[in-house]
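Undergrad:
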Amino acid sequence: MAQIIPVDVFDIVVFGGTGDLAMRKLMPSLYLRDRDAQIPAESRIFGVSRSDLSSADYAARLRDGLERHLDQADWDDDVWQRFSARISHVKLDATKSDGWDGLVEGLEGGEERARVFYLATSPDLFGPICRNLKAAGVVTPQARVVLEKPIGRDLESACRINDEVGTVFNEDQIFRIDHYLGKETVQNLMALRFANSLFEPLWTSASIDHIQITVAEKIGVEGRGGYYDRSGALRDMVQNHLLQLLCLVAMEPPVRLDKDSVRDEKLKVLQALRPIAGGDVSAKTVSGQYRSGAVDGHPVPAYLEELSAEADGTAADSTTETFVVIKAEIENWRWAGVPFYLRTGKRLPKRSSEIIIQFRPVPHSIFEAGAGQVEPNRLVIRLQPDEGVTLSLMTKDPGPGGLRLRSAPLNLSFAETFKVRYPDAYERLLMDVVRGNPTLFMRRDEVEAAWSWVEPILEGWQNNSERPKAYTSGTWGPSAAIALIERDGRTWHDDAE
Ligand code: BG6
423 MAQIIPVDVF
433 DIVVFGGTGD
443 LAMRKLMPSL
453 YLRDRDAQIP
463 AESRIFGVSR
473 SDLSSADYAA
483 RLRDGLERHL
493 DQADWDDDVW
503 QRFSARISHV
513 KLDATKSDGW
523 DGLVEGLEGG
533 EERARVFYLA
543 TSPDLFGPIC
553 RNLKAAGVVT
563 PQARVVLEKP
573 IGRDLESACR
583 INDEVGTVFN
593 EDQIFRIDHY
603 LGKETVQNLM
613 ALRFANSLFE
623 PLWTSASIDH
633 IQITVAEKIG
643 VEGRGGYYDR
653 SGALRDMVQN
663 HLLQLLCLVA
673 MEPPVRLDKD
683 SVRDEKLKVL
693 QALRPIAGGD
703 VSAKTVSGQY
713 RSGAVDGHPV
723 PAYLEELSAE
733 ADGTAADSTT
743 ETFVVIKAEI
753 ENWRWAGVPF
763 YLRTGKRLPK
773 RSSEIIIQFR
783 PVPHSIFEAG
793 AGQVEPNRLV
803 IRLQPDEGVT
813 LSLMTKDPGP
823 GGLRLRSAPL
833 NLSFAETFKV
843 RYPDAYERLL
853 MDVVRGNPTL
863 FMRRDEVEAA
873 WSWVEPILEG
883 WQNNSERPKA
893 YTSGTWGPSA
903 AIALIERDGR
913 TWHDDAE
């Protein structure tokens, strides 16, 4: 049974309070935690922005955002009354050292509470905001800071930001969020691997041929072109979400499920990734950019058209990638010789995040040629949507006519089995911050190790000065992405379906 574990009274201050993340994710998540009676009565929520808004104006904006982003069934007027009473708006230019009195006054009386500063802003503001928080005297021993990804745009800027934030907060007070770690199905990876004795003995190069990790999206840049065009799929998705998934699949069993045991094991995986640099970049990676096409039968514009629409029609030119494939390899005893094919992109045919564990074929077939192929087993871990796990098994095709083989799925659908609502990742992670539990957040060394691996790929793309390959929206990316895996005699899971 799902349990609501109470948290102590807290104050949360969201910088970027009128931004997309606050409206789409943070405030809806806090509202839902309030609806489930997890937020103590006196807790307060402050939205910080440069806009000239009264708290009532801000609450009205939030209401609008909540109505847009919550399921209708989750809306409740009584909860809204309670929730809106906690809300205040603070007008502040957080990059300036003056003008902090409103926030200081607002926080008065909460010195003993957990105090969460959520920086839903561009990463170059993380350092200045932290310095100003300190100067304003609001960083109490109970304070903690949440940093949204991406932390920087390369290793050097990530280290600088980590240093700047580190002069104000201790590592234990810094929560670097990767919302994929808060997804129920991502946490379930640990249950699948370490609460079942079945898989672990097979979880090595002796039994596994290769692993595919795909995070496919149907959406385009959704009005976030300004941010996205400076990032691209490698920085926006691979450096964090896909590498975190890879770590959870590949790490050694941690001794305990605590913050350092888990993060130590993830770090070892990142450190064991074979560098992709120089000539390897074009052999082991593919980048793409979507052109117009159709998704779900609806025509959609090209990436460049979306960018120019956001720039009021000014023609855009950009070499930012909206699609990436990487053949990653982990140099350790468990995984030597097992490629991990990573793939992510926007405007693909379906929204689907999956991990495919492709087992090796049987060493010798006892069946006659007419029985059909003995297909190797495949474990499909569906992270979203249709969350669940499918193991493909070879079976006898029923009925007379000789022994014919057929692959059949053993399917566990979480929706059918558990019939519960899956909370949004941010609901879980926000409450973890309040509790002070950083297990599902990235430690400084992890973030830096991830950048160290990603950076030579970015450099390689720059040096080759090759544009990302065009792909039609609604397809699985450029043909080079298919060629990359087929050169190894393998196919993408969706192509095999
Ligand atoms: C975010 C990226 O971190 O993750 C977005 O910035 C992306 O570009 C999103 O769309 C995907 O998250 P989810 O939870 O919808 O898979």
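Residue numbers for the sequence shown follow the working numbering, beginning at 423 and rising by one.
Just so it is clear, CB atoms sit at the ideal spot from N, CA and C, and this is done for glycine as well.
Between which two residues does the alpha helix (DSSP H) carrying Ser653 extend?
TA: Note, Ser653: alpha helix (DSSP H), 647-655.
Undergrad: For Thr589, which of Tyr763, Thr543, Ala478, Val561 has the nearest alpha-carbon?
TA: Considering only alpha carbons, the answer is Val561.
Undergrad: Work out the CA separation of Val717 and Gly441 for me, nearest whole Å.
TA: Distance between the alpha carbons of Gly441 and Val717 is about 27 Å.
Undergrad: Helix, strand or coil: how does DSSP classify Tyr480 here?
TA: Correct three-state label for Tyr480: helix.
Undergrad: Rounded to a whole number of angstroms, what is the C-alpha to C-alpha distance between Ala847 and Gly792?
TA: Near 49 Å, if we compare the C-alpha coordinates of Gly792 and Ala847.
Undergrad: Please tell me whether Ala731 has its Cβ less than 8 Å away from any Cβ of chain B.
TA: No chain B is part of this structure, which consists of one protein chain only.
Undergrad: For Gly654, tell me which candidate among Gly896, Leu620, Arg598, Tyr725 has the shortest Cα-Cα distance.
TA: The residue with the shortest Cα to Cα distance from Gly654 is Tyr725.
Undergrad: Whole-angstrom Cβ separation of Val760 and His632, contact assumed at under 8 Å?
TA: Confirmed, Cβ separation roughly 6 Å.
Undergrad: Let me check understanding here. Comparing Cα to Cα, which of Leu689, Gly899, Glu868, Arg446 lies closest to Glu644?
TA: Of the listed residues, the one whose Cα sits closest to Glu644 is Arg446.
Undergrad: Could you spell out where the alpha helix (DSSP H) holding His915 opens and where it closes?
TA: Per DSSP, His915 belongs to the alpha helix (DSSP H) from 915-918.
Undergrad: Of the choices Asn584, Gly528, Ile573, Asp576, whose alpha-carbon is the least far from that of Gly559?
TA: Checking every option, the nearest Cα to that of Gly559 belongs to Gly528.
Undergrad: Does the Cβ of Gln711 lie closer than 7 Å to at least one heavy atom of the ligand BG6?
TA: Answer for Gln711: no, Cβ out of range of the ligand BG6.
Undergrad: How many angstroms separate the CA atom of Gln595 from the CA atom of Leu805?
TA: Whole-angstrom Cα-Cα distance: 29 Å.
Undergrad: To the nearest angstrom, report how far apart Pro807 and Phe745 are at their CA atoms.
TA: Approximately 20 Å between the Cα atoms of the pair.
Undergrad: Is the beta carbon of Thr812 closer than 8 Å to that of Pro831?
TA: In this structure, Thr812 lies closer than 8 Å to Pro831 by Cβ.
Undergrad: Pairs of beta-carbons, one from the stretch 896-905 and one from the stretch 597-610, closer than 8 Å: are there three or more?
TA: Too few Cβ pairs lie closer than 8 Å, so no.
Undergrad: Using a Cβ-Cβ cut-off of 6 Å (strictly less than) and excluding sequence neighbours within five positions of Gly899, which residues of its own chain qualify?
TA: Closer than 6 Å at the Cβ level, and outside the excluded window around Gly899, lie Gly710, Phe745, Gly767, Tyr893.
Undergrad: What's the C-alpha gap between Ala481 and Cys669?
TA: Approximately 40 Å, taken between the alpha carbons.
Undergrad: Please classify Asp917: is it buried, with 16 or more other beta-carbons within 10 angstroms of its beta-carbon, or exposed?
TA: Bear in mind that the predicted position of Asp917 carries a pLDDT of just 49, short of 50, making it unreliable; the figure below should be weighed with that in mind. Burial call: exposed.
Undergrad: When the distance is taken between beta carbons, is Leu569 closer than 8 Å to Arg598?
TA: Yes, the Cβ-Cβ distance between Arg598 and Leu569 is below 8 Å.
Undergrad: Check whether the Cβ atoms of Leu689 and Asp867 lie closer than 8 Å to each other.
TA: Their beta carbons are under 8 Å apart, which means Leu689 touches Asp867 by this criterion.
Undergrad: Pull up the distance between the alpha-carbon of Phe437 and that of Glu870, whole angstroms please.
TA: Taking the straight line joining both Cα atoms gives about 24 Å.
Undergrad: Could you tell me whether any non-hydrogen atom of the ligand BG6 is closer than 7 Å to the CB of Ser895?
TA: Flag unset: Cβ of Ser895 not near the ligand BG6.
Undergrad: Can we count His601 as close to the ligand BG6, meaning its CB is less than 7 Å from some heavy atom?
TA: His601: yes, Cβ under 7 Å from the ligand BG6.
Undergrad: Using CA coordinates, which residue listed in Ile779, Gly700, Ser465, Glu464 is at the minimum distance from Gln884?
TA: Nearest option by C-alpha distance: Gly700.
Undergrad: Ordered along the chain, which non-local residues of its own chain (more than five positions away) have a Cβ less than 6 Å from that of Gly574?
TA: Cβ within range, chain order: Pro545, Ala580, Ile583.
Undergrad: Kindly give me the distance between the Cβ atoms of Glu753 and Ala694, rounded to whole angstroms, as I take these residues to be in contact under 8 Å.
TA: Rounded, the Cβ-Cβ distance is 5 Å, consistent with contact.
Undergrad: Counting only the same chain and skipping the five closest in sequence on each side, list residues whose C-beta sits under 7 Å from that of Val677.
TA: So the qualifying residues of the chain are Ser683.
Undergrad: If you follow the alpha helix (DSSP H) that Asp819 is in, where does it begin and where does it stop?
TA: Run containing Asp819: none; DSSP gives neither H nor E here.
Undergrad: How about Met853 and Asp600: do their beta carbons lie closer than 8 Å?
TA: No; because the gap between Cβ atoms is not below 8 Å, this pair is not in contact.
Undergrad: What's the call for Leu454, buried or exposed, on a 16-neighbour Cβ count within 10 Å?
TA: When all chains shown are included, Leu454 counts as buried.
Undergrad: Is the separation between the beta-carbon of Val703 and that of Gly882 shorter than 8 Å?
TA: A contact, by the Cβ cut-off of 8 Å.
Undergrad: In its own chain, which residues sit with a C-beta less than 7 Å from the C-beta of Glu533, not counting the 5 before and 5 after it?
TA: Around Glu533: Thr562.
Undergrad: Tell me the start and end of each unbroken beta strand (DSSP E) in the stretch 782-862 that is at least 3 residues and wholly inside, in chain order.
TA: For the stretch 782-862, whole beta strand (DSSP E) runs of length 3 or above, ordered along the chain, are 800-806, 810-818, 827-835.
Undergrad: What separation, rounded to the nearest whole angstrom, lies between the Cα atoms of Gly648 and Thr543?
TA: Spanning the two alpha carbons is a distance of roughly 13 Å.
Undergrad: Alpha carbon to alpha carbon, how far is Arg685 from Asp734?
TA: Distance between the alpha carbons of Arg685 and Asp734: 44 Å.
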